[in-house]
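Trainee: In case it helps, full-length UniProt numbering puts the sequence shown at residues 1 to 126.
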Amino acid sequence: MSRVLIVEDDVDVRDWIAHCMVTDGHEVRGLSSAAALRRLREEEPAYRPDLVLMDYALADTDGVALLAEAEQHWPGLPAVFVTVQWTGEIIERIERSGRERIAKPFDPDDLRAAARRALAAGGSRG
Numbered sequence: 001m002s003r004v005l006i007v008e009d010d011v012d013v014r015d016w017i018a019h020c021m022v023t024d025g026h027e028v029r030g031l032s033s034a035a036a037l038r039r040l041r042e043e044e045p046a047y048r049p050d051l052v053l054m055d056y057a058l059a060d061t062d063g064v065a066l067l068a069e070a071e072q073h074w075p076g077l078p079a080v081f082v083t084v085q086w087t088g089e090i091i092e093r094i095e096r097s098g099r100e101r102i103a104k105p106f107d108p109d110d111l112r113a114a115a116r117r118a119l120a121a122g123g124s125r126g
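(1) If you follow the beta strand (DSSP E) that Glu44 is in, where does it begin and where does it stop?
(2) Within a Cβ cutoff of 7 Å, which residues of the same chain sit near Cys20, ignoring the five residues on either side of it in sequence?
(3) Taking one C-beta from the stretch 45 to 61 and one from the stretch 28 to 37 each time, how about it: are there three or more such pairs within less than 8 Å?
(4) Roughly how many whole angstroms lie between the Cα atoms of Val84 and Ala57?
(5) Per DSSP, which residues does Gly30 bridge with? Please list them.
(6) With DSSP as the reference, label Asp55 as helix, strand or coil.
(7) With H, G and I counted as helix, E and B as strand and the rest as coil, what does DSSP make of Arg101?
(8) By how many angstroms is the C-alpha of Gly76 removed from the C-alpha of Ser124?
(9) What is the rounded straight-line gap between the Cα of Arg29 and the Cα of Ala18?
(10) Given Asp9, which residues of its chain have a CB within under 7 Å of its CB, disregarding the five upstream and five downstream residues?
Next comes the structure, spelled out in structure tokens:
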């Protein structure tokens with residue numbers, strides 16, 4: 001069982017992503033913001049997710065910036081962006097991160113497949 005961390009500010013979307021991951025056998029934690037992720041790292045320094053599923057457009061930062069910050073604590077962290085943001089600049093930023101992106105609304109099977117690919121890659125990017 002893999003530990004999947006979900007960073008998504010929309011509670012309904014976060015719950016749906018969590019449901020998709022739980023039904024695929026993963027342990028999940030859901031957070032709503034960059035601030036919540038920082039608190040998690042401070043309060044539970046031993047916690048390390050195996051995968052993060054992250055929205056791009058968060059209220060207090062963007063997902064690419066937050067992933068870069070998270071990688072300072074969890075090097076090589078596998079990640080998938082789950083987002084409705086599809087402008088050229090945003091797509092380029094996500095592509096430069098070397099991570100896969102899934103469009104909202106998403107098919108649960110597509111999300112599960114992307115999560116499996118990221119976990120299998122073990123954080124390797126490219």
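Glycine residues also receive a C-beta, built at the ideal position from the N, C-alpha and C atoms.
As the structure is a computational prediction, the values presented were derived from the model and not from experiment.
Mentor: Looking at the atomic coordinates:
(1) Run containing Glu44: none; DSSP gives neither H nor E here.
(2) Pro108, Leu111 and Arg112.
(3) They touch, by the three-pair rule.
(4) In a straight line, the C-alpha of Val84 is about 8 Å away from that of Ala57.
(5) Gly30 is bridged to Ile6.
(6) In the structure shown, Asp55 sits in coil (DSSP, three-state: anything other than H, G, I, E or B).
(7) When DSSP states are grouped into helix, strand and coil, Arg101 belongs to the strand group.
(8) Summary for Ser124: the model assigns pLDDT 47, below 50, so the residue's position carries little reliability, and this model does not support an answer.
(9) Each residue's alpha carbon lies about 8 Å from the other.
(10) Taking C-beta separations shorter than 7 Å and ignoring five residues to either side along the sequence, the partners of Asp9 in its chain run Ser32, Ser33, Asp55, Leu58 and Ala59, following chain order.
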